[in-house]
Structures are given as structure tokens and as C-alpha cells.
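A.B. asks: Structure below; questions to follow.
2 protein chains.
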Amino acid sequence: MALERGAGPLGIQIQDQLRAAIRDRRLGAEERLPSTRRLAELLGVSRGTVVDVYQQLLAEGYIEAAAGSGTRVAAIPSGLPARQPPDIVAASASASASASSTGPAEADFGYGIPDLGSVPLTDWSRAVSEATRTLPTAELGDEDPAGSRHLRKVVTAYHRRVRSGCAVAEDAVIVSGFRQGLAFALATLARHGIQRIALEDPGPREHDVIARRAGLDAVPVPVDDHGLDVGRLHQSGARAVLLTPAHQCPTGVALGPSRRRDLVAWANEVDGVIIEDDYDAEFRYDRQPVGSLQGLDPARVIALGSVSKTLAPAIRLGWVLAPPRFVAGIVEEKRLSCRGAPGLDQEALALLMESGRFDRHLRRVREIYRARRDVLAAEAEAAFGPGRLHGLAAGCHALLRLPDGASERAVVATAATLGVRVNGLGHYRFAAADAEAEPDPRPPALVLGFGNVSEHQIRRGIRALATAVQHQSRPLRNDNPTPTH
Amino acid sequence: MALERGAGPLGIQIQDQLRAAIRDRRLGAEERLPSTRRLAELLGVSRGTVVDVYQQLLAEGYIEAAAGSGTRVAAIPSGLPARQPPDIVAASASASASASSTGPAEADFGYGIPDLGSVPLTDWSRAVSEATRTLPTAELGDEDPAGSRHLRKVVTAYHRRVRSGCAVAEDAVIVSGFRQGLAFALATLARHGIQRIALEDPGPREHDVIARRAGLDAVPVPVDDHGLDVGRLHQSGARAVLLTPAHQCPTGVALGPSRRRDLVAWANEVDGVIIEDDYDAEFRYDRQPVGSLQGLDPARVIALGSVSKTLAPAIRLGWVLAPPRFVAGIVEEKRLSCRGAPGLDQEALALLMESGRFDRHLRRVREIYRARRDVLAAEAEAAFGPGRLHGLAAGCHALLRLPDGASERAVVATAATLGVRVNGLGHYRFAAADAEAEPDPRPPALVLGFGNVSEHQIRRGIRALATAVQHQSRPLRNDNPTPTH
């Protein structure tokens, strides 16, 4: 046993080394330990130190003392292999560092990431600091299960002002983001007797898995140039639907005015519920954003929002705005599954939104996105000809239509070899392998997220995509290459 | 329609008022709206402003325009009553303010709240500020599903150093607190084929509900003066157990050394899993805290920890340290249910723990709790005689044994009328109304949390409890008063 002066109290060092030796079976069960007097002499420490060590290991069950037979290593039963030593930490940390040193893609058109270089970190840090000074002490304890009352007032006022909603603080439940809000809402609908939910096809990924975890049967409903096909929704037998009306993910279309009314009529006819993913709604370039569906029928719409795209995913705050009959159920889901979001962060977000700094940030990034969108449109037209880019009126992604007969998979794979990360439209099809899904009637296309791609990267990325398309239009050696990411 | 100069753009005011009128049915379906020219004249605004308003409401589905018939209010179907106007916000906010103005209890011995006046808010605010400067930009996006790698390294190093654990970063999943970690762990065990979990009786509240939500059958196992009765655990047929070994909730006993080994033997015999609620472990007054069970059998123990009791519930960060075979399942639960905890807060906590300010805070509050504990012990002895207070070796709560024959419920109710909030031991019985639970063999007792009660409040509170006990020992007019909280 090697003791180091200056490496912490000697007693702790002895304890740690004995524990490790017993765990690693270097000291076997029943093995007799030296007397405290003898070990103290061996290690050159006081006997009291060793007595304390033995008492500690005795209390923790590593050793046992029987009258007349001294102190022995206890038999710690385990049918499983001994643990690797903590050295693994250092080894795996360096492994992970070398893995990431392969460098980022030249352009990553991945979906749904905002401009991470523009996150208002100073504003956020100031808001947290202000929250630590202004939050009442009692609110540092377990929160109101529905979330900070202050934030619920602020986000519903924001939703009324910016999204033309009509929810009030009592309708709001604060969550850690869109996905948690969705899980709570779906579980609550299941408890209210709803059995089947319709999902947009193509649509956001994994919502079918999340719906099934909540106990709901998930069915696809097609999206056309006016958004979700409400006629097909009628035929689906679903009593709930989840959709992205402001800027459909991934096609980029906005739900048309008559579709909005038809959707509300459907919900009232089947006693159903519309879950509105109010995604990308803040970023509309040609006009004022279309208001939230929640404002059109507050008794039938559950609106989900978050700051993951307006501020950053790393802030992790969102909200559910629900008709009164669902609020208690959503709060109960939250209370039993996690107790909710950090109280200090909730207060910080409320202060940030009240101060006007949140709006100022949105105005600033909207101009960044508008400029990126313009570059994307110009580059796409130069590389692929006019009329190829769709869904550019709002949000941070667009759809690039490929030449007829092009293979999305081949283009995606070739692009990857050129350092460009992108997904095909087929990536967003509902359970592509599922028999229920129809063959995709849409021409091949790529989904181009441009939230976190610089103008320079957009230019390089689009040129690389043009190269990838040219290459795949001639027969490739390997007809079905597997995407490498 | 009343327009106010200075109350925002006129077009927005007109939109908002038209939307509200259509929602409230003041403008009925099919009702014809004035032409844009006419409305512009009426309101004294430019015609372009009204054209924009109509286009917006058209896009949102509130109005429709048919060739030859002008613009009409759309038929928005709803079988549910119209919404209350947003005035409800102001009204309900003032109602809630007056409800809370009834004032706090004179002493609140509620369980599980740390000293909210000691939360190191300045340290936290500085750590968040540092995190905004040091976190790599890429980590502002969606996090590694297991959580911040930095924090996983820091909390496992902490757990090895302070709790004698032996987990490494790869074993850790960051969560929003104990309850979320428990839900993920239980769901993962259910997917691994475990069907029944044993819970301490008496034990923390609602864990039976949470276990059943995860699909597990929950059964009670009694706690005696050495902690969980492992013999009874053997008989329970459970293959998992959840317990509080460092300082049992609510009895305050620590799990004895031979029980710790018996527990590990049980887990290996039944191919089972021990979930360790490493609660209150940091606060031991008489000696070094007993190490985490995780260190004794890392292949069988899932350890759950959080900073809710060491820092504050409003920080909402915790961790699951799991055997390697469960880590992927826990991460998947997390990814599908919420995507996890805020990245900035995770970095802030890692920095706080690395800086030594977390340890310094623990040393400071440990002295505060020790002083409160000493006052509690002295006051309890003065009021109730010696040997009545148990479970004081660690943590922030103790058990006050009442005179034989006293009614917990009567004392709790009488105490409430004297401004003292407290719970009886029976409050922590497993499903008290359940036929499976045995009649409580324990004498009547109160659970006294002293984490968030000042010394002054402890003195007043204990005297009030003595009064309550005296009053209930004489027959009360109402034999079964209902607690008012």
C-alpha cells in the first residue's frame, strides 16, 4: 500500500486502497486483515487512524469482525465480473477526443438546429443572475407542479401577442421542451380514452415511437401542397392529430386557410384533439407569421412550444397550452415523472422575455436566417435551375427537389463523401418499411436545414450537392451505397 | 373598434380586435365584413393596413373571401363554450396573491426541503456565467443523450471520492433529478423482464405509483431498526428493490453492515437489482458517511443522486449510475421522453463541483444542520423526556416517538391549528388502505424535517407539538379530525 503525503488524509487513502483491493478480489473473502496495531506500524500511521478505517469499512459491509477471530474481508457475493478500474475514465476520454478530431462536415444541413453562434449567452447569463436575486426564497424549493406562475403568465402573454393565441396562465404547463410536452400530452389523451393519433407523412421523426410509448396507435396521414390532407384524416379513424401547421416539417408548406377550418371542424365532429407543434413559427420572411391554431379553437387545440429553436436546445424549456379539461392530467404526468424544469431557469426566461431582449434576439437572428435563405435560394437556382427550392416562406429549412429519377439515397451518400451532411425526404416518411405506408408519390428531394450553416458553408455545400447529383445521375459502381452517418 | 395611438401598430390592433370578436361570436359566422376601403375610412387608417389585416385573418382561417360575395366571417365549428377573455389572467393572479397572504406556518417540519436561505445563489450564478463563456458552441445544440460528458466525469469522480463509489463517466446518465432517474431506471428494469419491485415500508411517498406507471408490481417490505428486512425481501418474490440505505426515509436508520452484505447476496441469488436512493448521504454528523452501496456491488446496484437536497430543488439536476448493461436502456428512455437536462446548467454544475465551491457549501450547511439538530434534540428532550428522538445520526429529519396510545392523526391536526405543519409516521406507510400492508407494529411517531426550519422555529414548533400531544391525550371533542393540509 503506497501512501502519499499531500494526497489527502491518510485514513481516506488507506480506506480507498482497501476498498479497491476487496472489489478487485486482490483481497479475497475471509482473508484475515492485520490487527489495527500491526497495520498502523506497517504504514507508519497512528493506530487511531487504522481503527477509524476499519470501522468505516465495517459499516459499509466490506469487512467483518467476529469475536475471537479478528477482522476479515467479508464475502461479497457477485455473479458478475469485477469492475474495470477508474483508469478507464482517462483512456476513454482520450479515445473520444481523437474520434471527434476527424473534424466536422464542411456543411451540415441537418434539420432543426438554430444558429448556435448567435445564442444570446450574455443576455441569458444576466437573466439567470437577475433570477438568483429576485426569485422568492420559497420558490427555490419544489415548484408548483404546473411550473413557475411567472413564466406561465409571460409565455401565454407572448403566445397571445406574437402567435395570436388566446391561452391564459392557467392553461399553461412548463416542460423541459417540445418532446417532454408531447409525451405528457399524449399520455393524457390516452387516459381520456383516445386510442389513435394521426401523424403527418412525411413528418418529424420518431413521433410514432413516442405515441406508441404513450399507449396510442399511430397512423400516417399524407401531406400535400396545402399541408395535412384533412379528408384523409377523416378516413383514418383517429381522434387526435399531431401537426406542424406554421411550416410543415419537412416539406415547408403552411397549412392552408380552408384546411385550418376543416381541421377544426373534424376535431369537433369526432370529439377530437389537435396537437399543434408550433415549430419555426417565429421565422416568417415574407409576411407576419400565420397565427397559432390554438387561437382558432382553444377548446380543441393543445399547442406545444419551446425555446430550443428561438434560443438554444441547451436551455431546455418549453410549454404546453392545453384546454382546461386536460391541464390537471398533464400536470399529474409531469409531477409523477420528473417534477419539472429548473425554477431558476424558468424565472430567468420569464425575465428575458419581459425585458424585450428575447424579441430583440429574434429580430437579430431572423435577419441572419433571411440572409442565409437568400444565399441558399440563389445558390440552388444557379446549381439546379429555377423552381427547385420549396418551403422557403418561413423557418430554417427548405426542400430541394432533385431531378426526376434521382436516388435520394445515392445523392445523400455521395454528398457525405464530399463532407456534406444532408437527409433525403424519404428519411421523414412514416415507418418507411411499414405496409400501411403508401409508396411515396413525391419526386425525390433533399431536406436542407440552414439554421446552423454559415453563408460560406451554404455556398460550398450546394456546389457539393450539385456534384453529388451529377455523379449519381451516371450509374454508380455501387448502386445502393449505405449512408455513412 | 377602439384604436389607440401608441398601443402598437394599428394593423395589429385591428387584427386582435377582429379575432377576439370572431372568437366571442360577437361577429357571427357568415357575417359580412365591410370592404377594405370602407373599413379604412371608418377607422381612419390607410387602406393598405386593412388589406394586410384581412389577408392575415384569411390565412389564419378566421374569415373567407368568395368571388362576388365579399369578405365574410368563416364558420368556425365548435361544440364547446366560448373562452373567457384574457382578463382572467389579472383576476386569478390577484386571487392567488391573496391566497398566499394567509402567511406561512410558524414551523414547517415538512420532509425533504433543504435550507432554502442557504442556497449558494451567487456561486451558482457565477458558474452559469462561466459556463456561457466556456461551453463549446456545438454543445449548445442537442446534448449527448446520456448528458454532458464533463458533468458525468465530475459527478462520478465526486461519487468515488465522497461516497466510496466506483462508477465511471460511462456508467452515468444525467437527469433532471431523483424522480426522473427513478422513472427511467424502473422502465428499463421492466424492459429487462423484471416484474416486481420491493419498496421500504414505511418509505418515501408515491414510489408505488411511480413503479406501477413503469409497469412493475410494487410490494412492501418492512423496515426495522437495522433498515430493510432482507429476510422478508427474500420472501417477497421481487427481483428489484428500492431503498434509502444511508439514512432511511422516514425512520432515519442506516442499513446495517450485515444487511448490506445480505442485500447484495439476495441480488446475486435472484439475478436482481438494487436501486439505491443515495438521499441525505452527505450529511452525517457523528462520523464519515457510510459509503454508497454502488461501491459494494457495481454490477447489481443502480445509484440515484441529485443536488435537490445539497443545493436546491430549483436547480433540478441529478444522475443515475448504472451497471453497463442498463445504461443504453436508460439513455433511450431519456431520449424518447425528454432529451434531458439543460446543457448550460450541466456545465455550470460541473464547474461548481470542480471549483471546490460545492464542497465548501456542503461544509457550511452541514454546520447549520448540525446546530438545528442539536437544538431539536435539546428541545425534544426538554418537552418529551429522553430517548424520544431517533434517526439523528445523519440527514435532515428525525423521528419523534409519541407516548404510547397517542394518535398521530390527532396530534398532526392539533399541531396544524397551532401553526405547525408536520406528518405522522403513518403518512409514509405503504398504501395504508391496502390489504397487503400489515398493521403498523411501530409506536406512534412524528417525522420532523429540520432542513428548512430555523432554530427559533424549531423551539416554537417543538413547544407547540408538546401542547398538541397534551391536548390529544385528553379526549378531544372530535375524535377523528381531518388534517387541514
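Just so you know, the sequences run in chain order A and B.
For what it's worth, this note's numbering labels the leading residue of the first sequence as 17, then goes sequentially.
For what it's worth, this note's numbering labels the leading residue of the second sequence as 17, then goes sequentially.
Here a beta-carbon is modelled for each residue, glycine too, at the ideal position from N, C-alpha and C.
1) Counting only Cβ-Cβ distances shorter than 7 Å, please list the residues of the segment 298–314 of chain A near chain B, keeping chain order.
2) Any beta carbon from chain B within less than 9 Å of Arg-493/A's own beta carbon?
3) Using the beta-carbon count (16 or more within 10 Å), is Gly-126/B buried or exposed?
4) Return the chain-ordered ranges of every beta strand (DSSP E) run that is complete within the segment 35–102 of chain B and spans a minimum of 3 residues.
5) Counting only C-beta atoms, is Ser-192/B closer than 9 Å to chain A at any point?
6) For Trp-335/B and chain A, any beta-carbon pair shorter than 9 Å?
7) With 16 other CB atoms within 10 Å as the buried threshold, where does Ala-147/B fall?
8) Counting only Cβ pairs nearer than 7 Å, list the residues of chain B close to Arg-35/A.
9) Could you work out which residues of chain B lie near Ser-141/A, taking near to mean beta carbons separated by less than 7 Å?
10) Could you tell me whether the Cβ atoms of Glu-122/A and Ala-393/A are closer together than 9 Å?
11) For Ser-252/A, which of helix, strand or coil comes out of DSSP?
12) For Ser-112/A, does the three-state DSSP call read helix, strand or coil?
13) Take the Cβ of Gly-22/B as the centre, count every other Cβ of all protein chains shown within 10 Å, and call the residue buried at 16 or more, exposed below.
14) Suppose contacts are defined by Cβ-Cβ distances below 9 Å. Is Ala-143/A in contact with Leu-367/A by that definition?
15) Give the secondary structure of Asp-278/A by DSSP, where H, G and I count as helix, E and B as strand, and everything else as coil.
16) Which residue marks the beginning of the beta strand (DSSP E) containing Ile-210/A, and which one marks its end?
17) Would you give the residue range spanned by the alpha helix (DSSP H) that Leu-352/A belongs to?
18) Take Val-239/B as the anchor and find which of Val-257/B, Val-89/B, Gly-253/B, Val-170/B has the nearest alpha-carbon.
19) If you drop the 5 nearest sequence neighbours on each side, which residues of the same chain put their C-beta closer than 6 Å to that of Glu-159/B?
20) Are there 16 or more other CB atoms within 10 angstroms of the CB of Asp-361/A, so buried, or fewer, so exposed?
21) Return no unless some Cβ of chain A is closer than 9 Å to the Cβ of Val-225/B.
22) Please classify Pro-218/B as buried or exposed, where buried requires at least 16 other C-beta atoms within 10 Å of its C-beta.
23) Report yes if the CB atom of Gly-442/B is closer than 9 Å to the CB atom of Gly-268/B, and no otherwise.
24) Hey, does Pro-329/B have any beta-carbon neighbour from chain A nearer than 9 Å?
25) Is it buried or exposed for Val-469/A, if we count other Cβ within 10 angstroms and need 16 for buried?
26) At which residues does the beta strand (DSSP E) containing Gly-334/B begin and terminate?
27) Verify the CB distance criterion: does Thr-153/B have a CB-CB separation below 9 Å to chain A?
28) Here's the rule I'm using: 16 or more other beta-carbon atoms within 10 Å means buried, otherwise exposed. How should Pro-130/A be labelled?
29) Taking its Cβ as the centre, do 16 or more other Cβ atoms sit within 10 Å of Ala-107/B, making it buried, or is it exposed?
30) From the DSSP secondary-structure annotation, give me the bridge partner or partners of Gly-243/A.
31) Going along the chain, which residues of its own chain have a beta-carbon closer than 8 Å to the beta-carbon of Gly-288/B, five neighbours each way excluded?
32) Can you tell me whether Asp-40/A is buried or exposed, with buried defined as 16 or more other CB within 10 angstroms of its CB?
33) With a CB to CB cut of under 8 Å and the five nearest residues on each side skipped, what residues in its chain are close to Ile-226/B?
34) Nearest to Val-189/B by alpha carbon, out of Ala-90/B, Glu-348/B, Glu-76/B?
35) Using three-state DSSP, classify Asp-375/B as helix, strand or coil.
36) Does Ser-322/A come out as helix, strand or coil in the three-state DSSP assignment?
C.D. replies: According to the data block:
1) Gln-304, Val-306, Gly-307, Gly-311, Leu-312, Asp-313, Pro-314
2) Any reading at Arg-493/A needs caution, since the residue's pLDDT is 44, under 50, leaving its predicted position unreliable; the model's value is listed next. Arg-493/A does not count as touching chain B.
3) The C-beta of Gly-126/B has 16 or more other C-beta atoms within 10 Å across all chains shown, which makes the residue buried.
4) 79–82, 86–89
5) Under the 9 Å criterion on CB atoms, Ser-192/B is classed as interfacial with respect to chain A.
6) no
7) buried
8) Ser-180, Gly-311
9) Val-144, Ser-145, Thr-148
10) no
11) coil
12) Residue placement at Ser-112/A cannot be trusted, given a pLDDT of 37 that sits under 50; what the coordinates show is reported in the next sentence. Looking at Ser-112/A - three-state DSSP - the assignment turns out to be helix.
13) exposed
14) Cβ atoms of Ala-143/A and Leu-367/A: closer than 9 Å.
15) helix
16) Looking at the DSSP string, Ile-210/A is not in any beta strand (DSSP E), and its letter there is neither H nor E.
17) 340–353
18) Val-257/B
19) Gly-356, Gly-359
20) Residue burial is scored here from C-beta neighbours: Asp-361/A has at least 16 other C-beta atoms within 10 angstroms and is therefore classed as buried.
21) yes
22) buried
23) no
24) At least one CB atom of chain A sits nearer than 9 Å to the CB of Pro-329/B.
25) buried
26) Gly-334/B -> beta strand (DSSP E) spans 334–337.
27) Yes - at least one Cβ of chain A is within 9 Å of the one on Thr-153/B.
28) Pro-130/A is buried by the Cβ-count criterion.
29) At Ala-107/B, the pLDDT of 35 sits below 50, so the modelled position is not reliable and the matter cannot be decided from this model.
30) Asp-240/A
31) Ile-210, Ala-254, Arg-255, Ala-256, Val-257, Trp-282, Arg-316
32) Exposed, by the Cβ-count rule.
33) Arg-195, Leu-198, Ala-199, Leu-202
34) Glu-348/B
35) helix
36) In the structure shown, Ser-322/A sits in a strand (DSSP, three-state: E or B).
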